[in-house]
Amino acid sequence: MHRLFAAIRPPATIRSALIDLMEGVKGARWQDDEQLHLTLRFIGEVDGRVAEDVAAALGTVHQPPFSIALDGVGQFGSRGRANALWAGVRPHEALRHLHRKIDQAIVRAGLEPERRAYLPHITLARFGRESGGLDAFLARHAGLRSDPFEVTDFALYESRLGHEGASYTIVERYDLSA
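In terms of our numbering, the sequence shown is residues 302 to 479.
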């Protein structure tokens with residue numbers, strides 16, 4: 302089985318700026334440089350044949366390159382407990398358009414459409430049961446902004462879960478077309 306997702310890999314300058322923020326939150330399992338990405342569509346576990354169909358379908362996605370920038374920080378949680386800390390990106394419209402095209406391609410490959418609302422973000426940390434200092438981190442970095450960076454491609458990733466967290470391998474890269 303292959304655990305797949307489609308994502309954008311931010312440039313090194315953006316990843317470095319995000320890594321520089323990663324401190325001061327108790328219980329945070331910070332992402333490392335290799336884990337930083339902006340998910341366009343989580344696909345999940347599929348067998349080898351379906352993985353090949355997904356890879357081929359994503360090759361049909363075309364959209365002009367576009368620019369985005371970091372914009373603020375936030376958290377995901379449930380039942381009053383944080384489970385992820387993230388950096389936001391803007392503008393959303395080009396990302397949502399690309400997300401829809403990728404979702405349509407994946408449906409053509411035989412999988413179910415995405416049911417969750419799409420909120421573009423880059424995960425910075427994940428949490429277990431404990432998260433201390435999160436409010437201070439969110440307040441300190443609420444004004445996070447970056448210069449715009451151009452998105453010229455996206456990739457199909459395979460995720461492998463391990464004791465040290467997830468490791469990601471690029472299966473195939475797809476250039477956006479002008």
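Glycine included, C-beta positions come from ideal geometry on N, C-alpha and C.
So the candidates are 373, 430, 334, 351; which of them puts its Cα closest to the Cα of residue 380? 430
Over the uninterrupted alpha helix (DSSP H) stretch that includes residue 398, give me the two end residues. 394-409
Between residue 413 and chain C, is there a C-beta pair that is closer than 9 Å? Note that chain C does not occur in the displayed structure, where there is just one protein chain.
Coarse secondary structure for residue 376, derived from DSSP in three states: strand
Residue 401 versus residue 376: straight-line alpha-carbon distance, rounded: 24 Å
Does residue 363 pass the burial test, meaning 16 or more other C-beta atoms within 10 Å, or should it be called exposed? exposed
Cβ shell of residue 410 (< 8 Å), same chain only, five flanking positions each side left out: 351, 354, 355, 357, 358
Where residue 403 and residue 307 are concerned, what is the direct C-alpha to C-alpha distance, given to the nearest angstrom? 8 Å
How would you label residue 464, buried or exposed, when you count the other beta carbons within 10 angstroms and need 16 or more for buried? exposed
Environment of residue 443 [buried if 16+ CB atoms lie within 10 Å]: exposed
Applying the criterion that 16 or more other CB atoms from any shown protein chain within 10 Å of the CB defines a buried residue, is residue 390 buried or exposed? buried
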